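Below is one structure, written out as structure tokens; comments come after it.
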Amino acid sequence: MNTYISIFEIPATDISRAIEFYQAILDMNIEKVEMPGMEMGILPYEEQAVTGVILKEEGLRPSADGVTIYLNGGENLQTILDRVEKNSGKILIPKTAHADDMGYFAIFLDSEGNKMGLHSPN
Numbered sequence: 003m004n005t006y007i008s009i010f011e012i013p014a015t016d017i018s019r020a021i022e023f024y025q026a027i028l029d030m031n032i033e034k035v036e037m038p039g040m041e042m043g044i045l046p047y048e049e050q051a052v053t054g055v056i057l058k059e060e061g062l063r064p065s066a067d068g069v070t071i072y073l074n075g076g077e078n079l080q081t082i083l084d085r086v087e088k089n090s091g092k093i094l095i096p097k098t099a100h101a102d103d104m105g106y107f108a109i110f111l112d113s114e115g116n117k118m119g120l121h122s123p124n
């Protein structure tokens, strides 16, 4: 086992808005897929150990409570964080050094109200 996580889902109430948000802050194309009863935005997964999906489905609700998913912030997460508020998100914790010298983190709310994190070495 190379990682503890294989797939993560980010709940959305407006799939188009959520896809646009993540495309803008992460500077990537996200594929929209519609299936009976659900709409998904699939983050690029080629050569990735973990697959991420933005999901609109009955019973799923965005939340700022519970588990926090930390997205890879690249070499310097500030680049992504600078795009959060420009794209309907809200920064909760700005770029902050980890206490154990393991890089930096930040916490934000996405366009749907999910609490998300970023991590980077610089």
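Okay, so the sequence shown: first residue is 3 according to our numbering, each after it adds one.
Heads up, the beta-carbon is just placed ideally off N, CA and C, and yes, glycines get one too.
For clarity, every value in this text was computed on a predicted model and none was experimentally measured.
Could you check how far apart the C-beta atoms of residue i and residue j are, in whole angstroms? I think they sit under 8 Å.
i: Ile21; j: Gly43; result: 4 Å
i: Glu114; j: Pro13; result: 7 Å
i: Ser90; j: Phe23; result: 6 Å
i: Glu33; j: Ile17; result: Their Cβ separation, rounded to whole angstroms, is 12 Å, which puts Glu33 and Ile17 out of contact at 8 Å.
Alpha carbon to alpha carbon, how far is residue i from residue j?
i: Glu36; j: Gly105; result: 38 Å
i: Asn78; j: Asn116; result: 22 Å
i: Ile109; j: Tyr72; result: 8 Å
i: Glu49; j: Asp84; result: 27 Å
i: Phe10; j: Leu57; result: 10 Å
i: Met30; j: Arg19; result: 15 Å
i: Glu60; j: Gly39; result: 7 Å
i: Asp112; j: Ile7; result: 21 Å
i: Met75; j: Leu120; result: Residue identity check: residue 75 is Gly in the sequence provided, not Met. If I take the Cα positions, the gap works out to 5 Å.
i: Met118; j: Arg63; result: 14 Å
i: Asp102; j: Asn124; result: 14 Å
i: Ala51; j: Val69; result: 20 Å
i: Gln25; j: Asp67; result: 24 Å
i: Phe107; j: His100; result: 7 Å
i: Pro96; j: Ile82; result: 11 Å
Quick check on DSSP: helix, strand or coil for residue i?
i: Glu114; result: coil
i: Ile32; result: coil
i: Ile17; result: helix
i: Tyr47; result: coil
Who does residue i pair with in a DSSP beta bridge?
i: Leu52; result: In the sequence as presented, Leu is not what sits at residue 52; that position holds Val. Partner(s): none; Val52 has no beta bridge.
i: Tyr106; result: Ala99 and Ser122
i: Ile9; result: Thr53
i: Glu41; result: Glu36 and Lys58
Where in the region 59-101 do unbroken runs of the alpha helix (DSSP H), each at least 4 residues long, occur, reported from the N-terminal end onward? Listed in chain order, they are 80-86.
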